[in-house]
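Student: The sequence shown runs 200 to 968 under our numbering. For glycine and all other residues, C-beta sits at the position ideal for the given N, C-alpha and C. For clarity, every value in this text was computed on a predicted model and none was experimentally measured. Before I ask anything, here is the structure I am working with.
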Amino acid sequence: MLETNIRVVRPGPQLYVSVRRVIVSGQTLAPDLLERLCSLLRRRYGISAARIPGSVSELFVATDRKVEKVTLEEDNWQLTAVDSDDPTRRLFLSKAEDESFISILIERALLAQIASRNLFWTLDSPRIWYQQNPFQRSEGVAVYHRYEVDALPLGDAGIGISVDVSTAFFSEHTLEYYFDPNLDASESKARQDEFHKFTGRQVGQKGTLLYDNGRSKVKCYFENNRVGLTCGATGQLKLDGITYPSLYHYYTSKFGALQIKENDAAVQVSFPGLDRPVSVAARLLSLRVMNDDVPDSLSSVDKIPPRQRKSLIEQFWKCLEPHPLGNIAPGLFDGFWTPKDDRVHYIQLPEIKYGQGNKIESPDSRSIVSIKNYFRRRLELLGQAGCYHFPPSAPRTIYCAYPQSLGEDIPEKLVNGIVNVLNKWTGLSFCSNLVSYSTASEAYGKLRRAESAGVVLFILDEEPAAYYDASFNLEGWRVKRVTEPVLRQQHKYLTNGVWDKKRQEYSLGRGQSRWESFITLIGLDVIQQLDAVPYRVSNIGPYEGQLIIDVGHDRQFFAVSLLIVRSEDKVPAFNISSQVQHKADHKHESINPVLLKDTIINVFKSAIRRTFDPLTSLLIMRDGNVQGNEIGGIDNAFAELRQLGIISPDARLDIVGVHKESVSSIRLWDMDGRGEVSNAIEGTSLSVNSSLYLVACTGEATLTQGTAEPVAIVANNRCLSIGDAALSAFLAAQLNWSSPGVAQRLPLPLKRTDEELTARSDQEIRRIR
């Protein structure tokens, strides 16, 4: 039985909410100000309110009693909210126009109740709450449970509330510890090294901080630590219209309970919305440690299995009893939502094609054993049958650039191992070429003198920017970075073995297996850089292609990726290509429609050969949702592609949103007859409502840690079937070329845009150093 982390609001589809209409007046009225007013009403008075759609002066407040007059003001605005004296109105879930509005009011009522319990704290989103105290501490890091809540319509099931749990890491010490001016040079360096290790940041990036002034917690970013800067020596500053002689005087006046002293260390930070850095007391700042930067002892603590996840969410709800929604609704049904059978679907894993006509058939059942065997055979058959396609013009020499200090033996074993797997996977003959260097510049010069650009395994240090330096200096080359510490460790396993806990001895056999796995992973990356197709699926549902539009996390760049998968009698039958472009406006998520149009057209032109067959169907997936005028850019691009004959005149073009992180924080798991909880199997999909569809591309058969996170497909009135889009996303995720034995969560073109945007963002960081 499929179960979710959603609880349903009673009484289900018969739910209604009583509301009062409130009139808002003020010098400036705008939708964003009304949303801020709703937020302030919730935080200060526990009132659930929402702006009436289409209005900039009216709210609905979830109550059946007259609302008292409220005046709220900030530096640049003042708003007054007054009850309209209209009779109390009821919003019914059975009315389509009321459904989303009720969902918003329910969610805000829940947020008000969470805040009133004083058991959790929030940082930068009203929907994300942290448990008051850490549940684990290790090596200077405090680990907190982090809960995300969301209300959403469930169609004929009513309104649901999803709660998901994750982990968050913060430094145990404040910045006063890391930048204490009274330390000797050795201890000061050790602490600052730990600070930079926890931020994982390079020059040009900022560490994320938690600023706790005793009344609220706020996110900010580390700017710099000026030696000798104290709260009493910051100089004059003006805050909220008041001038203070120093930061010390500000804290004394506003936050006396903190007992900040004149000699307390201060550092400079930047806050969202402020255009310049400001000084704050260092002991009020803790460091947010990202998952990739935690100590090894905590590397698995964020992998929460389904059974534990369910238990933690149940504990969260117990903290909110007896009235988790206040008076807005009767409460919640017991237990979690188990969707009806007609909402749950199981997508069959597809046939996989290799070279020489070899293939892996779809699993004959949905059993865990059958699916595991299916994924295990993917890598095995690659070695036996070879790639589905290898470009005849691809280079056959694999270069390996290595520092002279490493010696020749280890690089030679590495590159020879890569050559061997490439020979096996392609049926062709590759050769190697070792290039030693004392400086990276020397390596660039030697490689540029090669007859033609090719693939180079570049053994570099752990500095990520070194890879982007190499890529920049070796135009036309495909660079695969291998870090020297990792390579040395893997070679140590090969020569000394891996520790066997059971036998209490080092196992050379295990060391050999570890080395071979290391070689295989690098080889899989290299063969993709050679534009090979290791294996393919026969189709991606009712579409001949997928087009992904993705924006980087910092909004500096956007990427477009095109995947073509169709019958072998069409040209091209299979192709994957991508382009990354600088985004003109990084303050907003939306992409300039003209630039988007040009990029889409260029991606198609790069994929189409001199002879080609027009595409008859395409699924366009925008990471998140289509923004602003982007739809115009998309439509104009396909109008021109039709004129060029690249897209057929009557082609089916469906547009959906796709979320790398599951929308509404929904999780799925299976419950057996004995109450045992496990991950849903790969291919499980759920129709949440008419516009939201979830598909579990990873699952119980191949996921060894944590809970599977489904991919969310969101409809936007431009898709004939959201189920077709989910099917296509799942099938494209089977092109898991980097890890054949393990299910891949994202469709291949979305994985490509994600990787390329990350790489380009890091390149930009390197450029501005």
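Please state whether the Cβ-Cβ distance between Ala-177 and Val-887 is less than 8 Å.
Tutor: No information on residue 177 is available, as it lies outside the stretch 200 to 968 that the chain covers here.
Student: Tell me whether the stretch 449-466 and the stretch 347-355 touch, counting them as touching only if at least three CB pairs, one residue from each stretch, are closer than 8 Å.
Tutor: Segments in contact, no.
Student: Taking the alpha-carbon positions, what's the Ile-597 to Val-779 distance?
Tutor: If I take the Cα positions, the gap works out to 26 Å.
Student: Since Leu-795 and Glu-829 are thought to touch, with beta carbons under 8 Å apart, how far apart are those beta carbons, to the nearest angstrom?
Tutor: Indeed they touch by this definition, with Cβ atoms about 6 Å apart.
Student: Leaving out the 5 sequence neighbours to the left and right, which residues in its chain are closer than 6 Å to Ala-934 when beta-carbon positions are compared?
Tutor: What sits at residue 934 in the sequence shown is Leu, not Ala. Excluding sequence neighbours, Leu-934 sits near Leu-947.
Student: With H, G and I counted as helix, E and B as strand and the rest as coil, what does DSSP make of Ile-546?
Tutor: In this structure, Ile-546 counts as coil in the three-state DSSP scheme.
Student: Given a cut-off of 8 Å, decide if Ile-763 and Glu-743 are closer than it, judged by their beta-carbon atoms.
Tutor: Contact flag set, yes.
Student: Going along the chain, which residues of its own chain have a beta-carbon closer than 7 Å to the beta-carbon of Phe-291, five neighbours each way excluded?
Tutor: Correct list, in chain order: Tyr-215 and Asp-297.
Student: Can you check which of these residues, Glu-875, Val-685, Ala-356 and Asn-695, is closest to Asp-540 by C-alpha distance?
Tutor: When each option's Cα is compared against that of Asp-540, the closest is Ala-356.
Student: What did DSSP end up calling Asp-849 once you bin it into helix, strand or coil?
Tutor: It is a strand residue.
Student: For the stretch 400-480, list the alpha helix (DSSP H) runs that are entirely contained and at least 4 residues long, ordered along the chain.
Tutor: Runs of the alpha helix (DSSP H) inside the stretch 400-480: 446-453.
Student: Quick check: what's the CA-CA separation for Trp-868 versus Ala-432?
Tutor: So the alpha carbons of these two residues sit roughly 56 Å apart.
Student: Any contact of the stretch 526-542 with the stretch 322-339, i.e. 3+ C-beta pairs under 8 Å?
Tutor: Verdict: no, contact absent.
Student: In three-state DSSP terms, what is Ser-706?
Tutor: Here Ser-706 sits in strand by DSSP.
Student: Which residue wins for smallest C-alpha separation from Ala-197, given the options Thr-719, Phe-773, Gln-711 and Ala-928?
Tutor: The first residue shown for the chain is 200 and the last is 968, placing residue 197 beyond what the model contains.
Student: By a C-beta neighbour count over all protein chains shown, 10 Å radius and 16 as the cutoff for buried, is Gly-403 buried or exposed?
Tutor: Since pLDDT at Gly-403 reaches only 46, below the 50 mark, its modelled position is unreliable, and no value is offered.
Student: With distances taken between CB atoms, is the gap from Ser-816 to Ala-783 smaller than 8 Å?
Tutor: No, Cβ-Cβ distance for Ser-816 and Ala-783 is not below 8 Å.
Student: Nearest to Leu-605 by CA position, among Arg-595, Ser-640 and Val-685, is which residue?
Tutor: The residue with the shortest Cα to Cα distance from Leu-605 is Val-685.
Student: How is the beta strand (DSSP E) around Tyr-343 delimited, first residue to last?
Tutor: 340-352 is the span of the beta strand (DSSP E), which, as asked, contains Tyr-343.
Student: Once you ignore the five residues that flank Ile-360 on each side, which residues in its own chain have a CB closer than 6 Å to its CB?
Tutor: Cβ within range, chain order: Arg-206 and Ala-350.
Student: Comparing alpha-carbon positions, which option in Cys-586, Ile-222 and Cys-918 lies nearest Ser-256?
Tutor: For Ser-256, the nearest C-alpha among the options comes from Ile-222.
Student: Pick out whichever of Gly-740, His-785 and Ala-384 has its Cα sitting closest to the Cα of Asp-923.
Tutor: Of the candidates Gly-740, His-785 and Ala-384, the one whose C-alpha sits nearest the C-alpha of Asp-923 is Gly-740.
Student: Can you grab the Cα-Cα spacing for the pair Pro-591 / Ser-628, in whole Å?
Tutor: Their backbone Cα atoms lie some 12 Å apart in a straight line.
Student: Could you give the distance in angstroms between the alpha-carbon of Leu-258 and the alpha-carbon of Gly-211?
Tutor: Between Leu-258 and Gly-211, the C-alpha separation is close to 25 Å.
Student: Is there contact between the stretch 574-592 and the stretch 671-684, where contact requires at least three CB pairs shorter than 8 Å?
Tutor: No, they do not touch.
Student: Helix, strand or coil: how does DSSP classify Leu-956 here?
Tutor: Leu-956: helix per DSSP, three-state reduction.
Student: Which of helix, strand or coil does DSSP assign to Gln-335?
Tutor: Strand, per DSSP.
Student: Have a look at Ser-938, Ile-251, Leu-746 and Glu-386 and flag the residue whose alpha-carbon is nearest the alpha-carbon of Leu-800.
Tutor: Before going further, note that residue 800 is Ile rather than Leu in the sequence given. With distances taken between Cα atoms, Ile-800 lies closest to Leu-746.
Student: Does DSSP put Arg-219 in a helix, in a strand, or in coil?
Tutor: In this structure, Arg-219 counts as strand in the three-state DSSP scheme.
Student: Compute the Euclidean distance between the alpha carbons of Arg-944 and Lys-571, then round it to the nearest angstrom.
Tutor: Between Arg-944 and Lys-571, the C-alpha separation is close to 16 Å.
Student: State the start and end residues of the unbroken beta strand (DSSP E) segment that holds Val-764.
Tutor: Here the beta strand (DSSP E) through Val-764 covers 756-764.
Student: If I follow the unbroken beta strand (DSSP E) through Phe-773, where does it start and stop?
Tutor: Counting along the chain, the beta strand (DSSP E) containing Phe-773 begins and ends at 773-781.
Student: For Thr-373, count neighbouring C-beta atoms within 10 Å of its own C-beta (all shown protein chains included) and say buried if the count is 16 or more, exposed if not.
Tutor: Its Cβ being crowded by 16 or more others within 10 Å, Thr-373 is buried.
Student: Mind checking which residues open and close the beta strand (DSSP E) that includes Asp-540?
Tutor: Segment: none, Asp-540 is in no beta strand (DSSP E) and carries neither H nor E.
Student: Determine the closest residue to Val-342 out of Asp-501, Gly-399 and Val-620, with distance taken between C-alpha atoms.
Tutor: The candidate whose alpha carbon is nearest that of Val-342 is Asp-501.
Student: Check the C-beta distance from Lys-268 over to Val-281 and give it rounded, since I have them as a contact under 8 Å.
Tutor: Indeed, because the Cβ distance is near 5 Å, the residues count as touching under 8 Å.
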